Amino acid sequence: MSKSRRRKIFKIVVTGGTGRFGKVLKKVKTNHKMIFPNKKKLNITKINSIEKFLVKNRPDIVIHLAALSRPMKIHDKNIIKSIDLNIIGTANITKITSKLKIKLIYFSTCYVYPSTKGNYGENSELLPINNYAWSKLGGESAVQMYKNSLILRICMTENPFVHKKAFTDFKTNFIFHEEVAKTLMKLLFKKGIINVGGPAQSVFKFAKKFNPKIKKISAKKMLGRTFPLNPSMNISKLKKIISND
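Have a look at this one:
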């Protein structure tokens, strides 16, 4: 890729900019023109709202963050809302970005993998562990149909780590939102699927680096012996991209 292409300044529309990660992304220093519409200006459940905003602003890229996430139980208690926002909302975004030929970057989750053996690569089998993950995979299904897109399967958490206890027997790839935001700027040219996270380790080991007083807790005891405890991803593809940047 030429240096001149890398230096191109993009106009980027970010859905879900008022969410936890969106607020962090707003603080990242970049030469790109970032636009963070609220729900009134761009409602992902309404095709006309999406098209009107994107036609007016004509971005080069849409970063689709808008989604229903926590509390996780909401995806069991209110599957209609989960489907409307995470599956249909993402399909709506995909329809309009494809119609207007706008690059689409979609934030998915590491929990679309089976979470039993870990070290999942981008081409590994998929089997979501809960309704939230199913809803994100539903969104992926639409995005996969549009070739000018990038799906990021991400494992991130807030800084500081919000919990007082951490699982010693649950292995994942946690990194803080701030690191993901910086990394995202290096992935704008990419297409396909990329796993995004930190080193594979227990949640306790990750959290202890930043809070020496954090207490241990067993995921197996809390979630049950049959609950899958290893959604860790292989991030070698991401490392190669970052090292070559």
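Just so you know, the sequence shown maps onto residues 523 to 767 in this note's numbering. Backbone N, C-alpha and C define an ideal beta-carbon position, used for all residues, glycine too. Because the structure is a prediction, the values reported are computed rather than measured.
Shown here, leucine 745 sits in a helix according to DSSP, grouped into three states. Under DSSP, alanine 664 takes part in no beta bridge, so it has no partner. Looking at the backbone, the Cα of lysine 623 and that of methionine 744 are separated by about 46 angstroms. Nearest in C-alpha terms to threonine 552, of all of Ile596, Thr705 and Gly714, is Thr705. Arginine 580 sits in coil when the DSSP states are folded into three classes, being neither helix nor strand.
DSSP places alanine 729 inside the alpha helix (DSSP H), whose first and last residues are 725-730.
Under the three-state reduction of DSSP output, alanine 722 falls in the coil class, being neither helix nor strand. Glycine 539 and valine 550 have their C-alpha atoms some 13 angstroms from each other. The beta carbon of alanine 741 lies closer than 6 angstroms to those of Phe689, Asp691, Phe692 and Leu751 in the same chain, with the five residues before and after it left out.
Note that the C-beta distance between serine 754 and tyrosine 654 is not below 8 angstroms. DSSP, read as helix, strand or coil, puts threonine 619 in helix. Of the other Cβ atoms in all chains shown, fewer than 16 fall within 10 Å of the Cβ of serine 765; this residue is therefore exposed. DSSP places serine 604 inside the alpha helix (DSSP H), whose first and last residues are 601-604. DSSP, read as helix, strand or coil, puts alanine 613 in helix. By the criterion of at least three beta-carbon pairs nearer than 8 angstroms, the segment 706-719 is not in contact with the segment 612-620. Note: isoleucine 739 is bridge-paired with Phe689 in the DSSP secondary-structure output. With fewer than 16 other Cβ atoms inside 10 Å of its own Cβ, glutamate 647 counts as exposed. In the three-state reduction of the DSSP assignment, histidine 554 falls in the coil class, being assigned neither a helical nor a strand state. Under a 10 Å Cβ-count criterion, arginine 580 is classified as exposed, with fewer than 16 other Cβ atoms of the shown protein chains found around its own Cβ.
Boundaries for isoleucine 764: no beta strand (DSSP E) harbours it, while the alpha helix (DSSP H) harbouring it runs 758-766, taken from the DSSP string. Assigned with DSSP and collapsed to three states, arginine 542 falls in helix. Secondary structure at tyrosine 654: helix, using DSSP grouped into helix, strand and coil.
Counting C-beta atoms within 10 angstroms of its own C-beta, isoleucine 531 has fewer than 16 neighbours from the protein chains shown and is therefore classed as exposed. Between asparagine 652 and tyrosine 633, the alpha-carbon positions lie close to 8 angstroms from each other.
The bridge partners DSSP lists for asparagine 717 are Arg675. Short of 8 angstroms from the beta carbon of asparagine 733, and not among the five residues preceding or following it, lie these beta carbons of its own chain, in chain order: Pro682 and Phe683.
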